[in-house]
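Numbering follows the numbering used here, with no gaps: position 284 of the sequence shown is 302.
Written below as structure tokens is the structure these notes are about.
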Amino acid sequence: MNFWQGKQVIVGIGGGIAAYKTLEVIRRLKEAGAAVIPVPTPAGLHFVTELTLQSLAGGPVHKELLHSIKPGEMDHIQLARKADLVLIAPTTADLMARMAAGQADDLLTTLLLARQGPVLAAPAMNPAMWSHPATQRNLACLQSDGIHFIGPESGSMACGETGTGRMAEPATILEAARRLLAPKSLAGRRILITAGPTREELDPVRFISNHSSGKMGWEIAQAALRTGAQVDLLLGPVAMPPPLGATLWPVVSAIEMFDTTMNLWQKNLYDAAILTAAVADYRPEHRQTKKIKKGEIPTEITLLLTPNPDILASLSAWTREHQTHGKPRIIIGFAAETGDALNKGLAKLIRKQCDLLAINDVTAPGCGFGSDTNAITLIDHHGLQEAWPLLPKEQVAQRLIATLAHRLNTPTLEPPP
Ligand code: C5P
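Written out as structure tokens, the structure reads:
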């Protein structure tokens with residue numbers, strides 16, 4: 019189930035100070051179960067030592083173009099062909115120029131000429147070098163040759179300057195690599211996802227909310243992006259930044275989430291909606307425009323609450339009315355319950371009329387708000403009752419996206435009765 023387990027990654031290392039970040043990339047790849055083959059250029063070895071690379075990769079460093087092959091050792095062509103990915107980090111201006119020219123004057127560029135599978139380059143250089151027409155020309159040339167790029171990012175550089183040229187961070191590089199290799203079962207699909215809590219304001223300083231961390235929806239957005247979908251993420255107030263590449267729609271209140279969801283969905287651009295947000299069921303009937311002052315009210319106050327619209331039910335109802343005019347769309351809801359989860363979930367599926375409902379009991383061990391794991395039971399109107407084991411939320415998301423992709427790509431299932 020672990021994505022990197024058993025994958026083989028050649029990590030090319032050019033001669034730039036950002037090579038120190040590549041050590042972290044190698045460490046994380048190894049930790050995730052990948053086999054890493056470091057291939058530094060001679061200049062790269064001025065920035066990181068062979069011993070460091072060998073220790074982190076847990077195997078030999080390949081650095082020489084001309085050396086005799088020992089029995090059982092792979093030659094360079096075999097090496098270049100066998101790997102699942104060639105990652106070049108940092109990719110310097112000089113390396114880009116040599117790659118674009120098709121030179122093969124060291125082991126790394128030779129491997130790249132023999133390479134037929136995916137190559138991901140993480141450039142790092144001084145901002146003036148990056149924006150130089152020669153580098154930009156080489157970039158265009160390498161992109162048209164099928165090389166993928168991640169970064170460079172903007173910010174302060176090791177050389178003291180500020181601008182675009184800083185190598186992407188290890189987590190960003192690894193995510194880009196993963197997306198490059200992942201099967202694209204949702205390519206060309208567009209998914210709308212709601213996540214996180216909503217806040218219902220009493221006055222300018224106070225609100226009613228809930229414990230939702232937004233993690234489940236965040237992981238689902240990430241999983242959808244990895245499989246090639248375009249993702250619109252309607253995110254309530256949470257601490258996390260959105261996953262790389264998602265179109266973010268920040269919202270605060272349930273009404274805002276309702277309006278944004280309905281407006282987007284009614285554009286008929288989406289293949290699916292996955293509503294994981296913990297929407298507040300009620301909001302204060304009157305929002306005070308000034309802070310409620312202790313001294314100015316009686317000792318007890320009564321809050322009058324009014325129900326919020328149900329986004330999931332409204333979206334399903336609208337879709338059933340308009341289904342004939344467009345492509346079939348799938349709506350998935352989540353139901354966080356506290357005890358008797360299956361029966362409550364079955365009733366909710368009928369009430370809200372979504373296509374699939376993922377039920378979880380938030381009082382079960384490992385399933386509470388903010389936890390990194392979840393155990394869900396997936397139900398539909400055709401009798402599906404699939405109880406998944408307790409899994410990291412990343413894997414729950416991956417399985418849910420695989421189910422969605424299967425249903426979208428096999429549109430034989432009947433709509434809800
Ligand atoms: O009724 P309950 O809150 O348990 O329903 C959960 C499901 O309904 C989730 O998918 C949630 O995002 C959605 N929901 C909604 N709008 C509401 C309340 C819940 O979309 N006002």
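For every residue, glycine included, the Cβ atom is placed at its ideal position computed from N, Cα and C.
Closer than 6 angstroms: is that where the CB of residue 297 sits relative to any heavy atom of ligand 1?
Looking up residue 297 in the sequence shown gives position 279. Because some heavy atom of ligand 1 lies under 6 angstroms away, the Cβ of residue 297 counts as near it: yes.
Return the residue from the list 117, 122 and 199 that minimises the CA-CA distance to residue 152.
Taking the sequence shown and counting its residues from 1, one reaches residue 152 at position 134. Taking only the C-alpha atoms, the option nearest residue 152 is 117.
Near residue 35, what residues of its chain come up, given a Cβ to Cβ distance below 7 angstroms and the 5 sequence neighbours on each side ignored?
For the purposes of this step, residue 35 is taken as the residue at position 17 of the sequence shown. These residues qualify, in order along the chain: 65 and 176.
Would you call the region 177 to 187 and the region 249 to 268 in contact, with 3 or more CB pairs under 8 angstroms?
As far as the Cβ criterion goes, the region 177 to 187 does not touch the region 249 to 268, which means the pair count is below three.
If you drop the 5 nearest sequence neighbours on each side, which residues of the same chain put their C-beta closer than 7 angstroms to that of residue 387?
On the sequence shown, residue 387 is found 369 positions in, with the first residue counted as 1. Closer than 7 angstroms at Cβ, skipping near neighbours: 229, 230, 231 and 380.
So is residue 69 buried or exposed if we call it buried at 16+ other beta carbons inside 10 Å?
For the purposes of this step, residue 69 is identified with residue 51 of the sequence shown, where counting begins at 1. Residue 69 should be labelled exposed.
Do you know how far the Cα of residue 85 is from the Cα of residue 128?
Residue 128 sits at position 110 when you count from the first residue of the sequence shown. Residue 85 sits at position 67 when you count from the first residue of the sequence shown. Rounded to whole angstroms, residue 128 to residue 85 spans 14 angstroms at the Cα level.
Between the region 240 to 249 and the region 196 to 208, do three or more beta carbon pairs fall short of 8 angstroms?
The region 240 to 249 vs the region 196 to 208: in contact.
Would you mind working out which of 163, 193, 159 and 162 sits nearest residue 169, comparing C-alpha positions?
Residue 169 sits at position 151 when you count from the first residue of the sequence shown. Taking only the C-alpha atoms, the option nearest residue 169 is 193.
For residue 291, which residues does DSSP report across the bridge?
Reading the sequence shown from its first residue, position 273 is the one you call residue 291. Residue 291 pairs with 210 and 349.
Pick out whichever of 154, 276 and 136 has its Cα sitting closest to the Cα of residue 12.
Nothing can be reported for residue 12: it is not among the residues displayed for the chain, which extend from 19 to 435.
Tell me whether the region 103 to 123 and the region 146 to 162 touch, counting them as touching only if at least three CB pairs, one residue from each stretch, are closer than 8 angstroms.
Yes, since at least three Cβ pairs between the region 103 to 123 and the region 146 to 162 fall closer than 8 angstroms, the two stretches touch.
If we call anything under 7 angstroms between Cβ atoms a contact, is residue 397 one with residue 292?
Position 379 of the sequence shown, counting from 1, holds the residue named residue 397. Position 274 of the sequence shown, counting from 1, holds the residue named residue 292. Not in contact: residue 397 and residue 292 (Cβ atoms no closer than 7 angstroms).
Go through the region 45 to 89 residue by residue and report every complete run of the alpha helix (DSSP H) that reaches 4 residues or more, in order.
For the region 45 to 89, whole alpha helix (DSSP H) runs of length 4 or above, ordered along the chain, are 68 to 75.
DSSP three-state call for residue 399: helix, strand or coil?
On the sequence shown, residue 399 is found 381 positions in, with the first residue counted as 1. Here residue 399 sits in coil by DSSP.
DSSP on residue 183, reduced to helix/strand/coil?
By one-based count along the sequence shown, residue 183 stands at place 165. Strand at residue 183.
Secondary structure at residue 145, three-state DSSP: helix, strand or coil?
The sequence position of residue 145 within the sequence shown is 127, counting from 1. Reduced to three states, the DSSP call for residue 145 is helix.
Excluding the 5 residues preceding and the 5 following residue 423 in the sequence, name in chain order all residues of the same chain whose CB lies nearer than 7 angstroms to its CB.
For the purposes of this step, residue 423 is taken as the residue at position 405 of the sequence shown. The answer, listed in chain order, is 203, 204 and 245.
Give a single yes or no on whether residue 352 has its beta carbon closer than 6 angstroms to a heavy atom of ligand 3.
Ligand 3 is absent from the structure shown, which contains only ligand 1.
On the premise that residue 347 lies in contact with residue 337, defined as a C-beta separation below 8 angstroms, what is that separation, rounded to the nearest angstrom?
The residue given as residue 337 occupies position 319 in the sequence shown. The residue given as residue 347 occupies position 329 in the sequence shown. Right, the Cβ-Cβ distance comes to about 6 angstroms (below 8 angstroms), so this counts as a contact.
Run the proximity test for residue 252: is its beta-carbon closer than 6 angstroms to any non-hydrogen atom belonging to ligand 1?
What you label residue 252 is simply residue 234 of the sequence shown in a count that begins at 1. No, Cβ of residue 252 sits at least 6 angstroms from all heavy atoms of ligand 1.
Would you mind giving the Cβ-Cβ distance between residue 372 and residue 349, rounded to the nearest angstrom? I have them listed as a contact below 8 angstroms.
In the sequence shown, counting from the first residue as 1, residue 372 sits at position 354. In the sequence shown, counting from the first residue as 1, residue 349 sits at position 331. Right, the Cβ-Cβ distance comes to about 4 angstroms (below 8 angstroms), so this counts as a contact.
Suppose the cutoff is 8 angstroms on Cβ atoms and the five residues either side in sequence are ignored; what does the same chain contact list for residue 76 look like?
Translated into positions along the sequence shown, residue 76 becomes position 58. Hits under 8 angstroms: 48 and 54.
For ligand 1, any of its heavy atoms closer than 6 angstroms to the Cβ of residue 348?
As a first step, residue 348 is located in the sequence shown; it is residue number 330 there, counting from the start. The answer is no for residue 348.
In its own chain, which residues sit with a C-beta less than 7 angstroms from the C-beta of residue 382, not counting the 5 before and 5 after it?
Taking the first residue of the sequence shown as position 1, residue 382 is located at position 364. Excluding sequence neighbours, residue 382 sits near 393.
For residue 324, collect the residues of the same chain with a Cβ closer than 7 angstroms to its Cβ; drop the 5 residues on either side in sequence, then sort them by chain order.
Mapped onto the sequence shown, residue 324 falls at position 306. The answer, listed in chain order, is 300, 301 and 303.
Does the beta carbon of residue 216 come closer than 7 angstroms to any beta carbon on chain C?
In the structure shown, chain C does not exist; there is a single protein chain.
Could you pull out every unbroken alpha helix (DSSP H) segment of at least 4 residues lying fully inside the region 101 to 155, listed in chain order?
Counting whole runs of 4 or more residues, the region 101 to 155 contains the alpha helix (DSSP H) stretches 111 to 119, 125 to 132 and 145 to 149.
Would the C-beta of residue 427 count as close to ligand 1, meaning under 6 angstroms from any of its heavy atoms?
Within the sequence shown, residue 427 is the residue found at index 409, counting from 1. The answer is no for residue 427.
Determine the closest residue to residue 38 out of 181, 185 and 221, with distance taken between C-alpha atoms.
Sequence index remark: in the sequence shown, residue 38 carries index 20 (1-based). If we check each option's Cα against that of residue 38, 185 comes out closest.
Rounding to the nearest angstrom, what Cα-Cα distance links residue 279 and residue 341 in this structure?
For this step, residue 279 is matched to residue 261 along the sequence shown. For this step, residue 341 is matched to residue 323 along the sequence shown. Answer to the nearest angstrom: the Cα atoms are 17 angstroms apart.
Measuring only the C-alpha atoms, how far is residue 146 from residue 399?
Mapped onto the sequence shown, residue 146 falls at position 128. Mapped onto the sequence shown, residue 399 falls at position 381. Distance between the alpha carbons of residue 146 and residue 399 is about 60 angstroms.
Spell out the partners DSSP gives residue 28 in its beta bridges.
As a first step, residue 28 is located in the sequence shown; it is residue number 10 there, counting from the start. Answer by DSSP bridge pairing, in chain order: 55 and 104.
For residue 223, does the count of other Cβ atoms within 10 angstroms reach 16, so buried, or fall short, so exposed?
Along the sequence shown, read from residue 1 onward, the residue named residue 223 stands at position 205. Classification of residue 223: exposed, given that the 10 Å Cβ count is below 16.
How would you write the range of the beta strand (DSSP E) that residue 378 sits in, first residue to last?
The residue you call residue 378 lines up with position 360 of the sequence shown. Here the beta strand (DSSP E) through residue 378 covers 374 to 379.
Straight-line CA distance for residue 27 to residue 101?
Stepping through the sequence shown from its first residue, residue 27 is reached at position 9. Stepping through the sequence shown from its first residue, residue 101 is reached at position 83. The straight-line gap from Cα to Cα measures roughly 6 angstroms.
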